[in-house]
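One structure below.
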Amino acid sequence: MANITKSPWIIHYDGSSCNGCDIEVLACLTPLYDIERFGIINTGNPKHADIFLITGGINYQNVDIVKNTYEQMVDPKVVVAVGICATSGGVFRECYNIMGGVNEVIPVDVYVPGCAVRPEAIIDGVVQALGILEEKRAQLEKEQGGAKK
Amino acid sequence: MKDQNTTMRGIAVSDLVKETGAFKAKGCRLVQIGCTGIGDAYEINYTFDKDYVFETVRITVHDGDVIPSIAEHYWASFIYENEIHDLYGLTVEGMSIDFGGHLFHTAIENPFKNPPEVTKVEKETPAPGPEEGDA
Amino acid sequence: MGRQIVVPFGPQHPVLPEPIHLDLVLEDEVVVEAVPSIGYIHRGLEKLVEKREYTDYIRIAERICGICSFTHSVNYAESVEKVMGLEVPARAHYIRTILMEYSRMHSHMLWLGLTADAMGFENLFMNSWRIREAILDDMEMATGGRVIQGLCTVGGIRKDVPDEMLGQMSDHLKEITPQMEELCKIFSHDTSVRHRMRGLGVLTKEEMWELGGVGPTARGSNLPLDARCTGYSAYDELGFKPVVEKEGDCLARCIVRARELMAAADLVHAAVKKMPDGPVDVGKIKGGPDGEAFFFTEQPRGEVLHYVKGNGSKYLVRHRVRTPTFANIPPLVKMLAGVDLADVPVVVLTIDPCIGCMER
Ligand code: SF4
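Residue numbers (this note's numbering), protein chains in the order written: chain A, 1 to 149; chain B, 1001 to 1135; chain C, 2001 to 2360.
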């Protein structure tokens, strides 16, 4: 388990974003930015994922999907809110169908600002998330270690 | 830069299906149906196009009116008519596919509906008495 | 006759970057009927006109969709300008045109990549996106933004793009054109691509016109429908001709997009060559829009329409957007009837669905 931060898997969910941030997340996977060189793989299965990337705000349609996905992920896990929409609701904050940022429904560990975020910023955010993941892992091990030994 | 050729004229609701049929006979395609709230009524614009001449006909309706669907001439109208139903709470009769209000899921029902007429009630202003004085 | 069952498709499906939901009625493996339902990313941004001044609202209009962002902002600006009778200087029109063509190239390459990915052609996906980065670099150089540019304002553009930079962009584009041609060749000749898409989801020209399909989806069915023919911005001076393909199947729609890459590059070169001098905006704008207007532009995905209505104040009464994906839903429903379940993802992708746009 100690090597989890060497090869974290991410799951990406598109909230009610404008796509601007989504395509930048996708751009991270492609040759110019290529986050696979950090061992990061994009997966569609929440059970496989360590990092939850969310773009776009939360609306009344996807709130349950986001909660479900978060709950299905196994500990330790971190949540990265990508883009201003995911951070606070952004320009759509006052829309009738938007509840606000991701932190309205699940705890967020890293906020990546920008509209649209730049791929470099996303990578930075993920790298920060790795630090938090490591802390959470150590914490979890301490708790479980005490019980096991 | 060239100007785009768009025209607009108002018609009666009862003429809608007939007018649409005329557009169809001319070989126009349906470009869009769009609704606008104007205080106590709604304008619904039907846009048709042939050779980049965009012609719009407009009907004016009120809350509770039943709008005839133009599906008999344009099957594809269902997508716009359902949108109008979901966002404005207007009833469209005879749609080719009726989603029953499940096309758009919104937090508040019919978000674009005109606000109900508010009859202003004269607020009772408490007579400023010395006992509530905020000196 | 087999038994009919209903299979839900989406909202989370591996090939779809965005949530869309279809209820597929199947008979054995074949789709009999498809019923779409949307609303997963509905934000209700058209309602924001009541809270933002019309000059500010262009930022929202640009964020209707992050892929067709620039075209949306131009379309909104043009419709307000039409209501207010503003004469935008020619240079602004030319620069808008150049950037609209750039966003078409970036969007088409994005789509070609995603389609390749949906077919399981990973290498082609990566390759399309690699070339796309070069386009994004140029857009960033000119405007400061990769996907959201924020360049267009009501009355012109925010900042001039100097001539040397335009020359540089055009040169750069010439360098990557061979790569785009290569890409186009793969999509039109590769056997595995052909096998997946030839003869799939066919609609004839007449059916397409009936159903109101727009953009590359319509042009793949030999229907030369392209809002650029109306000659908005600088298109009337650049000698523009729509790209069409005859077959009306998935491959035809795909080849239309691939060929449009080169057509877009040609338009950019033509615009750079003819670039007029002069100011790029109308200066300070007084008052608010009073009246109404429709305006049409051709987005990467097809014809888009903005309708604005104002009452002379700083806040618009109504802003309506009819996006190409919305218009392409009825053709999609017809295309899906009769295809195999396994082919559904490819067919859905070939209308280039942009759900962010569609649900606003
Ligand atoms: S932060 Fe900006 S670019 Fe990203 S999804 Fe929101 S509006 Fe779009």
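Note that the Cβ used here is the ideal one computed from N, Cα and C, for glycine as well.
All figures in this text were calculated on a predicted structure; none of them were measured in a lab.
Any non-hydrogen atom of the ligand SF4 closer than 7 Å to residue i Cβ
{"i": "residue 2264 (chain C)", "result": "no"}
{"i": "residue 2063 (chain C)", "result": "yes"}
Cβ neighbour criterion (16 or more within 10 Å) applied to residue i
{"i": "residue 23 (chain A)", "result": "buried"}
{"i": "residue 2198 (chain C)", "result": "exposed"}
{"i": "residue 1020 (chain B)", "result": "buried"}
{"i": "residue 1053 (chain B)", "result": "exposed"}
{"i": "residue 1049 (chain B)", "result": "buried"}
{"i": "residue 1092 (chain B)", "result": "buried"}
{"i": "residue 2217 (chain C)", "result": "buried"}
{"i": "residue 43 (chain A)", "result": "exposed"}
{"i": "residue 1082 (chain B)", "result": "buried"}
{"i": "residue 2246 (chain C)", "result": "exposed"}
{"i": "residue 148 (chain A)", "result": "Here the model assigns residue 148 (chain A) a pLDDT of 48, short of 50, so the residue's position is not dependable, and the following value carries that caveat. So residue 148 (chain A) ends up on the exposed side."}
{"i": "residue 1128 (chain B)", "result": "For residue 1128 (chain B), the predicted model reports a pLDDT of 47, less than 50, meaning its position is unreliable and no value from the coordinates is stated."}
{"i": "residue 1131 (chain B)", "result": "For residue 1131 (chain B), the predicted model reports a pLDDT of 44, less than 50, meaning its position is unreliable; a value from the coordinates is still stated below. The residue is exposed, with fewer than 16 neighbouring Cβ atoms inside 10 Å."}
{"i": "residue 1135 (chain B)", "result": "Low confidence applies to residue 1135 (chain B): its pLDDT is 37, below 50, so where it sits in the model is not reliable, and the reading given next is rough at best. It is exposed - the Cβ of residue 1135 (chain B) has fewer than 16 other Cβ atoms within 10 Å."}
{"i": "residue 2003 (chain C)", "result": "exposed"}
{"i": "residue 2355 (chain C)", "result": "buried"}
{"i": "residue 1085 (chain B)", "result": "buried"}
{"i": "residue 19 (chain A)", "result": "buried"}
{"i": "residue 6 (chain A)", "result": "exposed"}
{"i": "residue 1015 (chain B)", "result": "exposed"}
{"i": "residue 2 (chain A)", "result": "Confidence in residue 2 (chain A) is poor, its pLDDT being 49 and thus under 50, which makes the residue's placement too unreliable to answer from."}
{"i": "residue 2204 (chain C)", "result": "exposed"}
{"i": "residue 2026 (chain C)", "result": "buried"}
{"i": "residue 2178 (chain C)", "result": "exposed"}
{"i": "residue 2009 (chain C)", "result": "buried"}
{"i": "residue 1119 (chain B)", "result": "Low per-residue confidence applies at residue 1119 (chain B): pLDDT is 49, beneath 50, and the placement is therefore not dependable enough to give any value."}
{"i": "residue 2006 (chain C)", "result": "exposed"}
{"i": "residue 2123 (chain C)", "result": "exposed"}
Inter-residue CB distance, residue i and residue j (contact presumed, cutoff 8 Å)
{"i": "residue 2074 (chain C)", "j": "residue 2100 (chain C)", "result": "6 Å"}
{"i": "residue 155 (chain A)", "j": "residue 51 (chain A)", "result": "Here chain A has residues from 1 to 149 only, and residue 155 (chain A) is not among them."}
{"i": "residue 2308 (chain C)", "j": "residue 2297 (chain C)", "result": "Not really, about 14 Å apart at Cβ, beyond 8 Å."}
{"i": "residue 2331 (chain C)", "j": "residue 2215 (chain C)", "result": "Going by Cβ atoms, the distance from residue 2331 (chain C) to residue 2215 (chain C) rounds to 10 Å, so no, they are not a contact pair."}
{"i": "residue 2229 (chain C)", "j": "residue 2350 (chain C)", "result": "Contact doesn't hold; Cβ gap of about 23 Å is too wide."}
{"i": "residue 2104 (chain C)", "j": "residue 1036 (chain B)", "result": "Contact doesn't hold; Cβ gap of about 30 Å is too wide."}
{"i": "residue 2268 (chain C)", "j": "residue 2046 (chain C)", "result": "Residue 2268 (chain C) to residue 2046 (chain C), Cβ: 32 Å. No contact."}
{"i": "residue 2278 (chain C)", "j": "residue 2091 (chain C)", "result": "5 Å"}
{"i": "residue 2148 (chain C)", "j": "residue 2066 (chain C)", "result": "6 Å"}
{"i": "residue 2280 (chain C)", "j": "residue 2160 (chain C)", "result": "5 Å"}
{"i": "residue 159 (chain A)", "j": "residue 45 (chain A)", "result": "In this structure chain A extends from 1 to 149, so residue 159 (chain A) is not present and cannot be described."}
{"i": "residue 1070 (chain B)", "j": "residue 1017 (chain B)", "result": "6 Å"}
{"i": "residue 2253 (chain C)", "j": "residue 2291 (chain C)", "result": "Their Cβ separation, rounded to whole angstroms, is 38 Å, which puts residue 2253 (chain C) and residue 2291 (chain C) out of contact at 8 Å."}
{"i": "residue 2293 (chain C)", "j": "residue 2083 (chain C)", "result": "5 Å"}
Of all residues in the structure, which have a C-beta closer than 6 Å to any heavy atom of the ligand SF4, taken in chain order?
-> The set, ordered by position in the chain, is A:17, A:18, A:20, A:21, A:55, A:56, A:83, A:84, A:85, A:90, A:91, A:115, A:116, C:2063, C:2066 and C:2148.
Do the stretch 2052-2061 of chain C and the stretch 2113-2128 of chain C meet, that is, are 3 or more Cβ pairs less than 8 Å apart?
-> With contact defined as three or more Cβ pairs closer than 8 Å, the stretch 2052-2061 of chain C and the stretch 2113-2128 of chain C are not in contact.
Determine, using beta-carbon pairs with one atom in the stretch 2189-2207 of chain C and one in the stretch 2281-2298 of chain C, whether at least three such pairs fall under 8 Å.
-> The answer is no - the stretch 2281-2298 of chain C does not touch the stretch 2189-2207 of chain C, with fewer than three Cβ pairs under 8 Å.
Examine the Cβ distances between the stretch 76-95 of chain A and the stretch 107-120 of chain A and report whether three or more of them are shorter than 8 Å.
-> By the Cβ test, the stretch 76-95 of chain A is in contact with the stretch 107-120 of chain A, since at least three Cβ pairs between them sit closer than 8 Å.
Between the stretch 2241-2261 of chain C and the stretch 2219-2232 of chain C, do at least 3 Cβ pairs fall closer than 8 Å?
-> The answer is yes - the stretch 2219-2232 of chain C touches the stretch 2241-2261 of chain C, with three or more Cβ pairs under 8 Å.
Segment contact, 8 Å Cβ cut-off, at least three pairs: the stretch 2148-2156 of chain C with the stretch 2061-2069 of chain C | Under the Cβ criterion (8 Å, minimum of three pairs), the stretch 2148-2156 of chain C counts as touching the stretch 2061-2069 of chain C.
So, do the stretch 2339-2353 of chain C and the stretch 2020-2034 of chain C have three or more beta carbon pairs nearer to each other than 8 Å?
-> At 8 Å Cβ cutoff, the stretches touch.
Please determine if the stretch 131-147 of chain A and the stretch 1003-1014 of chain B are in contact, where contact requires at least 3 C-beta pairs separated by less than 8 Å.
-> Under the 8 Å Cβ criterion, the stretch 131-147 of chain A does not count as touching the stretch 1003-1014 of chain B, having fewer than three qualifying pairs.
Should the stretch 117-129 of chain A be regarded as contacting the stretch 27-40 of chain A, the criterion being three or more beta carbon pairs within less than 8 Å?
-> With the cut-off at 8 Å, the stretch 117-129 of chain A and the stretch 27-40 of chain A touch.
Touch check for the stretch 1058-1072 of chain B and the stretch 1036-1045 of chain B: three-plus C-beta pairs under 8 Å?
-> Judged by pairs of C-beta atoms under 8 Å, the stretch 1058-1072 of chain B touches the stretch 1036-1045 of chain B, as three or more such pairs exist.
Okay, do the stretch 2256-2267 of chain C and the stretch 2180-2188 of chain C touch, 3+ Cβ pairs below 8 Å being the bar?
-> The stretch 2256-2267 of chain C, when compared against the stretch 2180-2188 of chain C, does touch it at the 8 Å Cβ threshold.
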